[in-house]
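Asker:
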Amino acid sequence: MIATEITVSTPAGRFVAQWDDDPDIPVQYVGDPRGIAFFRQYMEVAMVTGAGGLPLAPDHLEPVDLVGFCNSAEYGITILPDADYVLADIEQELREMEGERKALADALAQAVKELEAAASPIEKVRQSGEVARLLAELQMLDVSADA
Numbered sequence: 000m001i002a003t004e005i006t007v008s009t010p011a012g013r014f015v016a017q018w019d020d021d022p023d024i025p026v027q028y029v030g031d032p033r034g035i036a037f038f039r040q041y042m043e044v045a046m047v048t049g050a051g052g053l054p055l056a057p058d059h060l061e062p063v064d065l066v067g068f069c070n071s072a073e074y075g076i077t078i079l080p081d082a083d084y085v086l087a088d089i090e091q092e093l094r095e096m097e098g099e100r101k102a103l104a105d106a107l108a109q110a111v112k113e114l115e116a117a118a119s120p121i122e123k124v125r126q127s128g129e130v131a132r133l134l135a136e137l138q139m140l141d142v143s144a145d146a
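For the record, in the sequence shown the residue sitting at position 104 is 103 according to numbering that gives the first Met the number 0, with numbers rising by one throughout.
If you want it as structure tokens, here you go:
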């Protein structure tokens with residue numbers, strides 16, 4: 000059963016990249032054969048690389064590679080993920096941000112406790128700086144979530 004579909008538009012035509020629920024089944028391309036051929040040639044000629052600079056092969060692409068690394072204004076390649084893929088990606092980012100936010104809030108709470116318990120003025124100043132740094136980091140995370 001098809002789990003993910005992503006539309007690819009090329010100057011030669013459009014097609015859909017499909018990934019099955021079964022991870023052993025590689026990506027399949029369905030649609031305009033000229034568009035598929037153009038995309039394969041683009042991948043070879045442009046030497047498209049993914050995370051870590053590793054070259055990507057059209058027959059072994061994962062959805063994240065296609066969406067993240069294969070758009071090219073220069074070659075006229077536009078990747079159009081389906082709504083389910085986009086929503087899943089947004090949900091994952093929100094979960095990660097919430098995890099970061101919780102970790103920062105916990106660290107801030109601990110720093111405030113240490114500030115309250117600090118005995119010397121020098122330690123209070125040091126802990127105040129740590130509280131301010133964590134608070135600023137937490138505020139930056141909130142600002143990026145609103146953007």
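All C-beta atoms, glycine included, are put in the ideal place defined by N, C-alpha and C.
It should be emphasised that the depicted structure is a prediction, and the values quoted were computed from it without experimental measurement.
1. Which whole-angstrom value is the C-beta distance of Val63 and Ile78, which I expect to be below 8 Å?
2. Locate the alpha helix (DSSP H) running through Val63, then write down its first and last residues.
3. How about Ala16 and Val26: do their beta carbons lie closer than 9 Å?
4. Judging by CA-CA distance, which residue of Asp88, Thr9, Met46 and Glu113 is the nearest neighbour of Ala36?
5. Under 8 Å: do the stretch 70-77 and the stretch 105-118 share three or more Cβ pairs, one atom per stretch?
6. For Met0 and Asp20, which I take to be in contact (beta-carbon distance under 8 Å), what is that distance rounded to the nearest angstrom?
7. For Arg100, which of Phe38, Val44, Leu133 and Asp31 has the nearest alpha-carbon?
8. For the beta strand (DSSP E) that contains Ala16, what are its first and last residues?
Answerer: In this structure, then:
1. As a position in the sequence shown, residue 63 is number 64, starting the count at 1. As a position in the sequence shown, residue 78 is number 79, starting the count at 1. Incorrect: roughly 11 Å between the Cβ atoms, too far for contact.
2. Within the sequence shown, the letter at position 64 stands for residue 63. Looking at the DSSP string, the run of the alpha helix (DSSP H) that includes Val63 is Pro62 to Phe68.
3. Locating residue 16 in the sequence shown gives position 17, counting from the first residue. Locating residue 26 in the sequence shown gives position 27, counting from the first residue. Cβ atoms of Ala16 and Val26: closer than 9 Å.
4. Start at 1 with the first residue of the sequence shown, and residue 36 comes out as number 37. If we check each option's Cα against that of Ala36, Thr9 comes out closest.
5. no
6. Taking the first residue of the sequence shown as position 1, residue 0 is located at position 1. Taking the first residue of the sequence shown as position 1, residue 20 is located at position 21. The C-beta distance from Met0 to Asp20 rounds to 5 Å, short enough to meet the 8 Å contact threshold.
7. Counting from 1 along the sequence shown, the entry for residue 100 is found at position 101. Minimum Cα distance to Arg100 is reached at Leu133.
8. Indexing the sequence shown from 1 puts residue 16 at position 17. Start and end: Gly12 to Asp19.
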